[in-house]
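K.L.:
Input: one structure, supplied below.
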Amino acid sequence: MERKQNHLPGSAIRSCPAWLVVAGTLLLVALLPMGAPNGAADLEVGQRVYVIGNPFGYDQTLTAGVISGLHRRINGVGSRPIGGVIQTDAPMNPGNSGGPLLDSAGRVIGMSAAILSPTGAYAGIGFAVPIDCINRIVPRIIRGEMTPKPDLGITTAPDHLVRRLGLEGVLVLTVTSDSAAEKAGLRGTQRDETGRIVLGDLITAVNGAPVRTTDDLLAAIDKHKVGDTVQLTILREGEKMEVEVRLEALS
């Protein structure tokens, strides 16, 4: 990979050279000569946070707020959900994406990713990808391993609705036509000829490891490459089954 050196503006005291290695809808990462940031496992709702970015071209803009929610889910490329996302009310606007989310000690705990707004401007709801996720991705980028993400080709029911049904696992809502899931015979939720709702397959494990939420399922699938075969443990109308699925590229 050819690395073109850029100059990343810093404070009046110091600035850093950086190499832009990838740019995407929800991933803007520059490699900087600095220590590894801390993890985000101990974050709490109400915790003070700060956002640094370049909104509307105003570089080095600092805004402040609190963590409004944890383990949120937003849609990424191809409408694939990204789980474990941090929600904050710290003002974000176009130009903030890819900037750091900091805690009160100045440690990077996330990367600004998206805002929720009907107008595209700040409306009090912003999202950041946790630094733990970024830490998993960056080594792969450095090694040149950014290949297409593996995908099953399903949509899943919200976890809280699955719990309300008294179920434990990931409920398949729909199966995409000609997807890996359809080729493997997975079934989505549908209505029978009488109008009764027939629940789809309930995925309870991937390669023997239990999955209880959609985030668990996505994390398990992301450990593999396109073309890998995974074994899903499912419940179909109360019957336990093992299904092998050959993963395909996320479209």
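So for the sequence shown, numbering that gives the first Met the number 0 puts the first residue at 0; every next one is plus one. The C-beta atom is built at its ideal place from N, Cα and C for all residues, glycine as well. None of these values were measured; they are calculated from a predicted model.
1. Tell me which same chain residues have a C-beta within less than 7 Å of the C-beta of residue 22, skipping the five on either side of it?
2. According to the neighbour-count rule (16 or more other Cβ atoms, all chains shown, within 10 Å of its Cβ), is residue 126 buried or exposed?
3. So, residue 202 versus residue 169, is the Cβ gap smaller than 8 Å?
4. Rounded to whole angstroms, what's the CA-CA distance from residue 87 to residue 192? Just pull it up for me.
5. Assuming the contact rule is C-beta atoms closer than 8 Å, residue 196 and residue 171 should be a hit. Round their C-beta distance to whole Å, please.
6. In or out: residue 198 buried (at least 16 other Cβ within 10 Å) or exposed?
7. Indicate the three-state DSSP secondary structure (helix, strand or coil) for residue 177 in the structure shown.
8. Assuming contact is defined by CB atoms lying nearer than 8 Å, are residue 99 and residue 246 in contact in what I supplied?
9. For residue 133, which residues from the same chain have a beta carbon less than 6 Å from its beta carbon, with the 5 sequence-adjacent residues on both sides left out?
10. Can you give, in chain order, each stretch of the beta strand (DSSP E) that sits fully within the segment 44-113 and has at least 3 residues?
11. Starting from residue 161 and walking both ways along the alpha helix (DSSP H), at which residues does that stretch end?
12. Ends of the beta strand (DSSP E) at residue 129?
13. Measure from the alpha carbon of residue 102 to the alpha carbon of each residue in 51, 184, 143 and 56, then state which is nearest.
14. Suppose you measure from the CA of residue 124 to the CA of residue 187; what does that come to, to the nearest Å?
15. Is it true that the CB of residue 213 sits closer than 8 Å to the CB of residue 177?
16. Please list the terminal residues of the continuous beta strand (DSSP E) segment that includes residue 213.
17. Taking the straight line between their C-alpha atoms, what separation do you get for residue 47 and residue 200?
18. Indicate whether residue 179 and residue 151 have their beta-carbon atoms separated by less than 8 Å.
19. In angstroms, rounded to a whole number, what distance separates the CA positions of residue 235 and residue 155?
20. With respect to the beta strand (DSSP E) encompassing residue 204, which residues constitute its N-terminal and C-terminal limits?
21. Using only the alpha-carbon positions, how far apart do residue 130 and residue 41 sit?
22. Quick one: Cα of residue 206 to Cα of residue 54, how far?
23. Check whether the Cβ atoms of residue 211 and residue 167 lie closer than 8 Å to each other.
24. If residue 232 sits next to residue 243, beta carbons under 8 Å apart, how far is it from one beta carbon to the other, in whole angstroms?
25. Can you have a look at residue 237 and say buried or exposed, based on whether 16 or more other CB atoms are within 10 angstroms of its CB?
26. Expressed to the nearest angstrom, what Euclidean distance is found between the alpha-carbon atoms of residue 208 and residue 230?
27. Taking the beta carbon of residue 44 as the centre, do at least 16 other beta carbons fall within 10 Å, making it buried, or is it exposed?
P.N.:
The relevant details are as follows:
1. Because the pLDDT at residue 22 is just 46, under 50, the model does not fix this residue reliably, and the value given afterwards should be weighed accordingly. If the five residues before and after residue 22 are omitted, its C-beta is found closer than 7 Å to no C-beta atom of its own chain.
2. Result: buried.
3. Yes, the Cβ-Cβ distance between residue 202 and residue 169 is below 8 Å.
4. Answer to the nearest angstrom: the Cα atoms are 45 Å apart.
5. In this structure residue 196 does not touch residue 171 by the C-beta definition: roughly 13 Å separates them, more than the 8 Å allowed.
6. The residue in question, residue 198, is buried, as its Cβ has 16 or more Cβ neighbours within 10 Å.
7. It is coil, neither helix nor strand.
8. For the 8 Å CB-CB criterion, residue 99 and residue 246 do not form a contact.
9. For residue 133, the CB contacts under 6 Å within the same chain, skipping 5 residues up- and downstream, are 110 in chain order.
10. Taking 3 residues as the shortest admissible run, the segment 44-113 contains the following complete beta strand (DSSP E) segments, listed from N- to C-terminal end: 47-52, 60-74, 80-87 and 99-102.
11. Unbroken alpha helix (DSSP H) run through residue 161: 158-163.
12. Looking at the DSSP string, the run of the beta strand (DSSP E) that includes residue 129 is 125-129.
13. Of the candidates 51, 184, 143 and 56, the one whose C-alpha sits nearest the C-alpha of residue 102 is 51.
14. About 32 Å.
15. Not in contact: residue 177 and residue 213 (Cβ atoms no closer than 8 Å).
16. If you look at residue 213, you'll find it isn't in any beta strand (DSSP E); it sits in the alpha helix (DSSP H) that goes 213-221.
17. If you take the alpha carbons of residue 47 and residue 200, they lie about 41 Å apart.
18. In this structure, residue 151 lies closer than 8 Å to residue 179 by Cβ.
19. Each residue's Cα considered, the two are about 15 Å apart.
20. Residues 201-205.
21. Approximately 12 Å, taken between the alpha carbons.
22. When rounded, the separation of the alpha-carbon atoms in residue 206 and residue 54 is 44 Å.
23. Closer than 8 Å, so yes.
24. In fact, because the Cβ distance is near 11 Å, the residues do not count as touching under 8 Å.
25. It counts as exposed.
26. Computed Cα separation, rounded: 10 Å.
27. Burial is judged here by how many other beta carbons sit within 10 angstroms of a residue's own beta carbon; residue 44 has fewer than 16 and is exposed.
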